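Protein sequences, first through last, are from chains C and Y.
Just remember that my numbering sits 2 ahead of the position in the first sequence, which is counted from 1.
Just remember that my numbering sits 24 ahead of the position in the second sequence, which is counted from 1.
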Amino acid sequence: MTKKRRRLPALIKDMGSCLFKKPFTQEYPFVSVQAPEGYRGRQTFDPEKCISCGLCERDCPAKAIELVEVSGKRMPYFYLDRCIFCYQCAEGCPRNAIQLSTNFEMSTTEKDELLVKAEEFISKQNISSDEGQ
Amino acid sequence: MEKFETAVDVLKNNLADAIVELKVPRPRKAYILLKSERHRDAVSLLLKHVEESMLSTISGVDLGTEIELNYHMVCGGTVTLKNRVPREKPVTKTITDILPGANLYEREVFDLLGVVFEGHPNLERLLLPDGWPKGNYPLRRDWTPPLIQENDSGSEEDSQNNSEEDDVGSLVSVVVGPQHPVLHEPERFNFTVDGETVVDVKPRLGYVHRGIEKAAERMMYFQDVFLVERICGICNAAHTTVFCQAVEDIGNIETPPRALYLRTIVHELNRVHSHLLLLGVGGHLLGFEALFQHVWRDREPVMDIIEQITGNRLMSGFNTIGGVRRDINPNTVEKALKTVKAVRKRAVFYKNVFEEDATLRLRTEGVGVLSKEVALKLCVVGPVLRGSGVASDVRKDDPYAAYAEIPFNVPCYDECDTWARLMVRVDEVVESLNILDYAFNNLPGGRLRVRVQRKIPEGEAVSRVEAPRGELIHYVKSDGTAYPYRVKVRAPTLANLLAFPDAIRGGYIADIPSVMGSLDPCFSCTDRMAFVDTANGQKWRWSLDDVNSHKNRRVLL
Ligand code: SF4
Ligand code: SF4
């Protein structure tokens, strides 16, 4: 069955060549890494488009969305600690108010930071529209 | 396919008086309602007349006044034999004497639905903790979780069980786990060893039991897709494919051809990276760290492709009921084809390594032998079955998704040892890459998904796929609402686990990791527990007859 004659293990050449290559691993976080287009990262939300229909809240399989009254309109809060990044919310939203981003960097030492409030997007929008003017 | 027709004919001709209702709604799927307590006759008939027929699982369904036991027999397709027992007095006869592979499935039903199987050699808890209060059967429809909170006495009894096993003579029991550096997932093994030789093993699982089947009843169908995806990270595409197929079956939903091809692609990418992972782990368990590092490096491009196609490295979130959720663009196809080519080259190289490396062969050849007969008796699945000389593959026997149109081979080895099981996987990587090549090049156009109502009409369906670890089966029953009435999952590791004691018995302690690894266990999938008892000082090397004799079975199973 097994051949009696001793030979060099087949992997040895590969192992040798690796000695002269740079490491395969990436030097994250010192070198930033770009997730590919279409990667399901942190949600972005457009308060202007939202019609408070509540579909996102009802459909979310992880119960990670809660509609909260923000400046006179019910809008989603995202609990990222529960979110499974399935994007059912984005898929179901009738106005495309929820969009995906490729931002995957969410590690934090504060659990509270994982609550994404609709207000965040309101203020951001104001800033960007101010800049535009 | 012929096998399936023979199976149905055999039952029709020989058991006409016992059949209440016979339905064949789809090719290769039969549902047969039997008169009470005639299931044993039906199972023995199938075993006798249909070659290589096995039991997939038993799913119990609480129908209100009765509990329905569905014996899903694999004979070309799936023949589901239904036996109903009254809920008030749920007692039926075991089939473990005809088919030892039914052991764990009967225990599972006993544990979760409270059906007593008369004559079962070892009817004990399988999944729930030992301290679980009596009379609580989670999968009965009227059971709700809060009931158990007060008197859950935890794992005290559990540890007592452990200490019972005193060392007898030269036998020593060694407990490994639940947390142990050698294990990747929490589970506990109680090995009985005599010097360097393993005399017996008693695994205890259930440490990652999450009650997903129950949870699935409380979520809508489309949400359940994300839930079943999380049964297992590494074969997530298999779980979603099989679940979506079952629901599509019930709702008579036609999935567009492009979606079927895309499903196949993600499913196969899953298999490639899962097998490469295992081959690397195999090297690691044998102490061949360089192999481990190299294989895992070459697995990475596959992960990148998955990330690009599905939007995540692991949790693909790709399948949905009625199709798939996103399209694939031509650039990605081009890149994927390049990767496929590169990885194929590496896979061929690794095949050479596995064939030629003398040390590797010494450590795996003749180790962990599982003969063809035992494999069939214990109803093992997937690469373990194919490593024991049975060329059975759901993709060929009962084609789903796009497999009917794609040419591929089913690798099969007759050596029955650890080496054979590893080789099956090396060959399958190459086959999968060929399938991918074909699928990318022949991707049909058209729609990605069809619109599906939230409510699914009344009905039931069994669906099977070939997950990387073997046959994966889901049984879904709908009562016409948006929420499933019952979802039953049987992951491949549960089927293969029964074979572990047989494979390792008589081997060396040093071979434990590699034999275990060659079964490619995935405990979060399985999350069930098992078996056996010994400690009577007996040494082994049982013949098949010994295994089957009633006296020994109590000890063995
Ligand atoms: S991505 Fe999924 S889990 Fe997260 S908020 Fe949206 S629907 Fe919920
Ligand atoms: S589904 Fe869209 S429109 Fe409806 S509440 Fe959610 S974000 Fe707003």
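All residues carry an ideal CB built from backbone N, CA and C; glycine is no exception.
All of these numbers come straight from a predicted model, not from anything done at the bench.
Asked                                                                                                                                                                : Found
Quick check on the DSSP output: what are the complete beta strand (DSSP E) runs of length 3 or more inside the segment 202-247 of chain Y, in order along the chain? : 212-218 and 221-228
Around the Cβ of Leu286(Y), are there at least 16 other Cβ atoms within 10 angstroms (buried) or fewer (exposed)?                                                    : buried
Any heavy atom of ligand 2 closer than 7 Å to the Cβ of Ile100(C)?                                                                                                   : yes
Rounded to the nearest angstrom, what separates Asn185(Y) and Leu195(Y) at their Cα positions?                                                                       : Any reading at Asn185(Y) is ruled out, since the residue's pLDDT is 47, under 50, leaving its predicted position unreliable.
Can you check whether the C-beta of Asp83(C) is within less than 8 Å of a C-beta belonging to chain D?                                                               : No chain D appears in the structure shown, which is made up of the protein chains C and Y.
What does a CB cutoff of less than 6 Å around Glu490(Y) pick up in its chain, not counting 5 residues either side in sequence?                                       : Asp417, Val418 and Arg419
Note the first and the last residue of the continuous beta strand (DSSP E) segment covering Gln101(C).                                                               : Ile100 to Leu102
Grouping DSSP H, G and I as helix and E and B as strand, with all else coil, what is Ala399(Y)?                                                                      : helix
Under the rule that 16 or more other beta-carbon atoms within 10 Å means buried, what is Asn376(Y), buried or exposed?                                               : exposed
Between Leu251(Y) and Pro63(C), is the Cβ-Cβ spacing less than 8 Å?                                                                                                  : yes
Tell me whether the beta-carbon of Leu39(Y) lies closer than 8 Å to the beta-carbon of Arg62(Y).                                                                     : yes
Going by DSSP in three states, Asp526(Y) sits in which element: helix, strand or coil?                                                                               : helix
Mapping the DSSP letters down to three states, classify Thr46(C) as helix, strand or coil.                                                                           : strand
Just to confirm, are Pro35(Y) and Glu45(Y) a CB contact at a threshold of 8 Å?                                                                                       : Per the sequence shown, residue 35(Y) should be read as Leu rather than Pro. The answer is no: Cβ separation not under 8 Å.
Going along the chain, which residues of its own chain have a beta-carbon closer than 8 Å to the beta-carbon of Val72(C), five neighbours each way excluded?         : Pro49, Lys119, Ala120, Glu121 and Ile124
Going by the C-beta, is Gly306(Y) closer than 7 Å to any heavy atom of ligand 2?                                                                                     : no
Looking at C-alpha atoms only, which residue of Gly541(Y), Gly100(Y) and Asn458(Y) is the closest neighbour of Pro51(Y)?                                             : Gly100(Y)
Across which residues does DSSP place Val513(Y) in a beta bridge pair?                                                                                               : His498(Y)
CA-CA distance, Val32(Y) and Leu152(Y)?                                                                                                                              : 36 Å
When you compare the CB positions of Arg495(Y) and Gly413(Y), do they come within less than 8 Å of one another, or not?                                              : The displayed chain sequence assigns Glu, not Arg, to residue 495(Y). Going by C-beta atoms, Glu495(Y) is not nearer than 8 Å to Gly413(Y).
So who's on the other strand from Ile122(Y), going by DSSP bridges?                                                                                                  : None, per the DSSP bridge assignment.
Rounded to whole angstroms, what is the Cα-Cα separation between Ser197(Y) and Asp381(Y)?                                                                            : 34 Å
Tell me the DSSP secondary structure of Lys51(C) in three-state form.                                                                                                : coil
Please classify Arg323(Y): is it buried, with 16 or more other beta-carbons within 10 angstroms of its beta-carbon, or exposed?                                      : buried
In angstroms with no decimal places, state the Cα-to-Cα distance between Ile172(Y) and Asn160(Y).                                                                    : Confidence at Ile172(Y) is low in this model, with a pLDDT of 46, below 50, so its placement is unreliable and no value can be given for it.
Could you give the residue range of the beta strand (DSSP E) that holds Asp86(Y)?                                                                                    : Met78 to Asp86
Quick one: which unbroken alpha helix (DSSP H) runs of 4-plus residues sit fully inside the segment 386-450 of chain Y? Chain order, please.                         : 396-401, 406-411 and 418-421
Is there at least one Cβ from chain C nearer than 8 Å to His297(Y)'s Cβ?                                                                                             : no
Would you mind telling me which residues of chain C sit closer than 8 Å to Arg50(Y), beta carbon to beta carbon, in chain order?                                     : Per Cβ cutoff of 8 Å: no residues; Arg50(Y) is ~28 Å from chain C at best.
For Lys106(Y), list the residues DSSP reports as bridge partners.                                                                                                    : Leu57(Y) and Asn94(Y)
Residues in the same chain with beta-carbon distance under 8 Å from Pro210(Y), minus the five sequence neighbours each way, listed in chain order, please.           : Gly201, Pro202, Gln203, Tyr231, Val232 and Phe547
Using 8 Å as the limit for Cβ to Cβ distance, is Met17(C) near chain Y?                                                                                              : yes
I'd like to know if Phe342(Y) contacts chain C, where contact means its C-beta is closer than 8 Å to some C-beta of that chain.                                      : no
Is Gly56(C) near ligand 2, with its Cβ less than 7 Å from a heavy atom?                                                                                              : yes
Is Gln101(C) buried or exposed, if buried means 16 or more other CB atoms sit within 10 Å of its CB?                                                                 : exposed
Are Val290(Y) and Arg488(Y) closer than 8 Å when you measure CB to CB?                                                                                               : no
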